[in-house]
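**Student:**
Numbering (full-length UniProt numbering), first residue to last: 1 to 281.
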């Protein structure tokens with residue numbers, strides 16, 4: 001038999017326990033919702049990484065502020081690809097002169113030379129990217145990266161115009177680029193497992209020398225595509241577009257025939273954006 005006073009104490013404790021359980025259930029329910037709001041709500045981002053192509057570089061604009069370089073593929077994509085009816089904010093770490101090695105070791109050559117970036121960072125670009133992705137976890141919808149041109153230029157320069165050196169050294173040079181790229185892509189994928197990750201590949205701007213250089217650039221694209229696959233990234237190959245019609249398309253898609261500049265023209269950057277958008281859809 002339970003005394004009336006004891007029964008009252010038990011009932012009070014029961015009410016207190018029920019209230020406590022209700023609070024705990026409420027907290028358990030609210031916390032994931034808050035985390036979900038952090039990942040799905042708020043500002044969304046497109047993170048552009050890599051070299052001068054990511055920057056939107058064109059030689060005739062040198063000396064102008066970064067705001068003058070606004071026709072790049074990253075700018076175009078950020079203005080097109082929506083998430084939940086909202087356009088992302090573009091964060092562009094693109095660094096003219098960046099190689100697959102300096103991307104990992106730093107510093108950014110363009111910034112080190114005293115030129116400003118679209119979005120400033122210090123240290124290696126891959127570390128800055130990983131830091132941004134962690135700080136905005138779940139809110140970066142698209143990561144684009146182009147990173148090959150300066151490696152190719154450095155390799156060709158190391159051969160001092162010796163064709164045999166280029167032919168014999170190309171496989172090892174391609175393997176270095178692909179290996180460095182694979183490591184960086186896997187870092188990005190581990191930090192942003194759900195983001196769309198797109199690698200924009202190489203085109204051959206050696207007009208008139210395609211018999212020699214074409215197979216090398218095709219091999220480079222194949223190796224970089226394999227690196228992209230290892231990180232569940234989409235690969236975009238610009239060669240069929242940029243090198244069409246035996247290279248005459250280069251006059252449209254690059255500034256070669258206007259300024260002896262192998263960087264894309266406005267039409268070329270638009271083509272890269274179109275190819276990327278098509279690959280994503």
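A virtual CB, placed ideally from N, CA and C, is assigned to each residue, including glycine. All values derive from a computational prediction rather than experimental measurement.
Which same chain residues end up closer than 6 Å to residue 27 when comparing Cβ atoms and leaving out the 5 residues on each side of it in sequence?
**Tutor:** As a working mapping, residue 27 is identified with position 27 in the chain shown. With a pLDDT of 30 at residue 27, under the threshold of 50, the modelled position of this residue cannot be trusted; read the value that follows with caution. Around residue 27: no qualifying Cβ.
**Student:** Out of 139, 233, 181, 208, which one is the CA nearest neighbour of residue 249?
**Tutor:** Reading the chain shown from its first residue, position 249 is the one you call residue 249. That would be 208, whose Cα lies nearest to the Cα of residue 249.
**Student:** Which residues does DSSP list as the beta-bridge partners of residue 264?
**Tutor:** Taking the chain shown and counting its residues from 1, the one referred to as residue 264 is at position 264. In DSSP, residue 264 forms a bridge with 254.
**Student:** From residue 73 to residue 161, what does the alpha carbon distance come to, in whole angstroms?
**Tutor:** One-based indexing of the chain shown puts residue 73 at position 73. One-based indexing of the chain shown puts residue 161 at position 161. Computed Cα separation, rounded: 32 Å.
**Student:** At which residues does the alpha helix (DSSP H) containing residue 146 begin and terminate?
**Tutor:** Within the chain shown, the letter at position 146 stands for residue 146. First-last for residue 146: 140 to 146, but that is the beta strand (DSSP E), not the alpha helix (DSSP H).
**Student:** Which runs of the beta strand (DSSP E) fall wholly inside the region 176 to 242 and span at least 3 residues, in chain order?
**Tutor:** List check, beta strand (DSSP E) in window: 196 to 200, 234 to 236.
**Student:** Can you look up residue 70 in the DSSP assignment and give me helix, strand or coil?
**Tutor:** Translated into positions along the chain shown, residue 70 becomes position 70. In the structure shown, residue 70 sits in coil (DSSP, three-state: anything other than H, G, I, E or B).
**Student:** I want to know whether the region 165 to 179 touches the region 234 to 246 - three or more CB-CB distances under 8 Å.
**Tutor:** No: the two stretches stay apart, fewer than three of their Cβ pairs being nearer than 8 Å.
**Student:** Closer than 8 Å is the cut-off here; do at least three beta carbon pairs connect the region 75 to 94 with the region 134 to 146?
**Tutor:** Short answer: they touch.
**Student:** Roughly how many angstroms separate the alpha carbons of residue 218 and residue 153, rounded to a whole number?
**Tutor:** In the chain shown, the residue the question calls residue 218 occupies position 218. In the chain shown, the residue the question calls residue 153 occupies position 153. So the two alpha carbons sit approximately 16 Å from each other.
**Student:** Where do the ends of the beta strand (DSSP E) carrying residue 45 lie?
**Tutor:** Locating residue 45 in the chain shown gives position 45, where the first residue counts as 1. Its beta strand (DSSP E) spans residues 45 to 50.
**Student:** If you draw a straight line from the C-alpha of residue 174 to the C-alpha of residue 253, how long is it?
**Tutor:** As a first step, residue 174 must be located in the chain shown, where it is residue number 174. As a first step, residue 253 must be located in the chain shown, where it is residue number 253. Roughly 24 Å between the two C-alpha positions.
**Student:** If you scan the region 85 to 148 from start to end, which runs of the alpha helix (DSSP H) of 4 or more residues do you find wholly inside it?
**Tutor:** Complete alpha helix (DSSP H) runs here, min 4: 102 to 105, 109 to 112, 125 to 135.
**Student:** CB-CB under 6 Å to residue 53, same chain, minus the five flanking residues each way: which ones, in chain order?
**Tutor:** Counting from 1 along the chain shown, the entry for residue 53 is found at position 53. The answer, listed in chain order, is 146.
**Student:** Distance, Cα to Cα, residue 55 vs residue 97?
**Tutor:** Walking along the chain shown from the start, residue 55 turns up at place 55. Walking along the chain shown from the start, residue 97 turns up at place 97. About 10 Å.
**Student:** By alpha-carbon positions, which one of 101, 132, 242, 61 ends up nearest to residue 267?
**Tutor:** For this step, residue 267 is matched to residue 267 along the chain shown. Nearest C-alpha to residue 267: 242.
**Student:** Buried or exposed for residue 201, please, with buried defined as at least 16 other CB atoms from any protein chain shown within 10 angstroms of its CB.
**Tutor:** Residue mapping note: residue 201 aligns to position 201 of the chain shown, counting from 1. By the 10 Å Cβ count, residue 201 comes out buried.
**Student:** Below 8 Å CB to CB, which residues in the same chain sit around residue 239 once its five sequence neighbours on both sides are set aside?
**Tutor:** Locating residue 239 in the chain shown gives position 239, counting from the first residue. Around residue 239: 201, 202, 203, 204, 217, 218, 221.
**Student:** Keeping to the same chain, check which residues put their C-beta closer than 6 Å to that of residue 261; ignore five residues upstream and five downstream.
**Tutor:** Stepping through the chain shown from its first residue, residue 261 is reached at position 261. Same-chain partners within the cutoff: 59, 255.
**Student:** Between 110, 68, 129, which lies nearest to residue 104 when the distance is taken from Cα to Cα?
**Tutor:** The residue labelled residue 104 in the question sits at position 104 within the chain shown. Checked all of 110, 68, 129; the closest Cα to residue 104 is 129.
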